[in-house]
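Asks: Quick one: the structure is below, and I'll ask about it shortly.
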Amino acid sequence: MYRLVTVLALITLVLDQASKLWVRLDLFAFNPYAEVTVTPFFNLILRFNPGVSFSWFADFGEIGRWVLSALTVVIVIAILWWLRSEPRKWPSVGVGLIVGGALGNLVDRLYIGAVVDFLDFHVGEWHYATFNVADSAIFCGVGFILLDLFLSKKEA
Numbered sequence: 003m004y005r006l007v008t009v010l011a012l013i014t015l016v017l018d019q020a021s022k023l024w025v026r027l028d029l030f031a032f033n034p035y036a037e038v039t040v041t042p043f044f045n046l047i048l049r050f051n052p053g054v055s056f057s058w059f060a061d062f063g064e065i066g067r068w069v070l071s072a073l074t075v076v077i078v079i080a081i082l083w084w085l086r087s088e089p090r091k092w093p094s095v096g097v098g099l100i101v102g103g104a105l106g107n108l109v110d111r112l113y114i115g116a117v118v119d120f121l122d123f124h125v126g127e128w129h130y131a132t133f134n135v136a137d138s139a140i141f142c143g144v145g146f147i148l149l150d151l152f153l154s155k156k157e158a
């Protein structure tokens, strides 16, 4: 299962970093404060989040950057350690997505000092938190693990 996890993590990491580079160096290179309307409910915008989800812990500065980076490494190691005893496919898919997403955001945090977010979904004036490909992969990865948990409980 580690091969599957590694392949998914690498694909996720590459897609995440490529999309962030495109947004930073191409789409918003000349105007980082621009907003690109894609649909009536979806925009592309450039945001830098020094915290975690919903900008939690964003006020902790450089210490927060390094604490969150270290925490990411610990969580990735813990998830991979847990996977050793998990023979099923769907949790492995979930772990691959989670690890790839976590590493994608870690690269941003170490290289830029903040995570690059650019996907902005909204309904009217209400905007959901801006996120990125790595965040989406983490969300989907958790979904695969939960789905497997519920389906395996049903089978038992």
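Heads up, the sequence shown is in my numbering, so the first residue is 3 and it goes up one at a time. Note that the Cβ used here is the ideal one computed from N, Cα and C, for glycine as well.
Under the three-state reduction of DSSP, which class applies to I47: helix, strand or coil?
Replies: The answer is strand: DSSP assigns I47 an E or B state.
Asks: When we look at the beta-carbon of R90 and count the other beta-carbons within 10 Å, is it buried (16 or more) or exposed?
Replies: With fewer than 16 Cβ atoms within 10 Å of its Cβ, R90 is classed as exposed.
Asks: Would the region 116 to 132 and the region 82 to 97 be scored as touching if the rule is three or more Cβ pairs under 8 angstroms?
Replies: Because the criterion of three Cβ pairs below 8 angstroms is not met, the region 116 to 132 and the region 82 to 97 do not touch.
Asks: Can you tell which of V118, P52, P42 has the C-alpha that lies nearest to the C-alpha of R160?
Replies: In the structure as shown, the chain begins at 3 and stops at 158. Residue 160 is therefore absent and cannot be evaluated.
Asks: Taking the straight line between their C-alpha atoms, what separation do you get for L17 and V9?
Replies: L17 and V9: Cα-Cα distance of roughly 12 angstroms.
Asks: Report the option in L121, N134, L82 whose CA atom is closest to the CA atom of F43.
Replies: The candidate whose alpha carbon is nearest that of F43 is L121.
Asks: For the beta strand (DSSP E) containing D119, name the first residue and the last one.
Replies: Element bounds for D119: 117 to 125.
Asks: Less than 8 angstroms between the CB atoms is what I'm expecting for V136 and G115, so what's the real figure, rounded?
Replies: Looking at the sequence shown, residue 136 is not Val but Ala. The pair is not a contact, with the Cβ atoms about 16 angstroms apart (cut-off 8 angstroms).
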